[in-house]
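Encoded as structure tokens, the structure appears first; notes follow it.
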Amino acid sequence: NDSTKDTFPTQVALSADAILHHAGLAVQQDLKAWELDDEPKPVSKFAESLPFVDNGVTISPDPSTWKCEKSGATDNLWLNLSTGFIGGGRKNWDGSGGSNGALDYYQETGERYP
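Using the working numbering, you'd call the opening residue of the sequence shown number 1 and step up by one each time.
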């Protein structure tokens with residue numbers, strides 16, 4: 001606290017503050033990697049024509065709460081970016097794997113929402 005800091009010599013207090021507020025090289029590099037540069041980012045040819053359905057669906061920011069809307073499965077999930085539908089991944093050739101919820105939904109919607 002500030003009253004304790006006043007009892008130390010100025011150089012010691014300044015050194016302690018510098019240590020406490022120091023952003024190490026690794027932190028600085030991580031921040032630099034996330035900074036936006038001035039170069040425009042290319043738009044995916046798939047994103048340009050991706051349909052969006054404003055149906056009031058809100059996706060939880062916590063992925064641990066996500067589940068397949070068809071089977072209730074909580075692993076191997078796929079999010080439909082057009083409608084917000086969360087479905088299970090594909091079944092494998094032997095029947096193991098996902099619930100096929102995402103693919104079934106895609107087919108049920110007339111293959112309109114990839």
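C-beta atoms are modelled at their ideal positions from N, C-alpha and C, and glycine is treated no differently.
Being a predicted model, the structure only gives us computed values, none of them experimental.
Which of the three DSSP states is assigned to Leu79 in this structure?
strand
Which residues in the same chain have their Cβ closer than 7 angstroms to the Cβ of Leu81, if we skip the five residues on either side of it in sequence?
Leu50
According to DSSP, simplified to helix, strand and coil, what is Gly56?
coil
Would you kindly check if the distance between the Cβ of Gly97 and the Cβ of Cys68 is under 8 angstroms?
no
Mapping DSSP to helix, strand and coil, what is Gly101?
helix
Are Asn100 and Thr83 close, meaning C-beta to C-beta below 8 angstroms?
no
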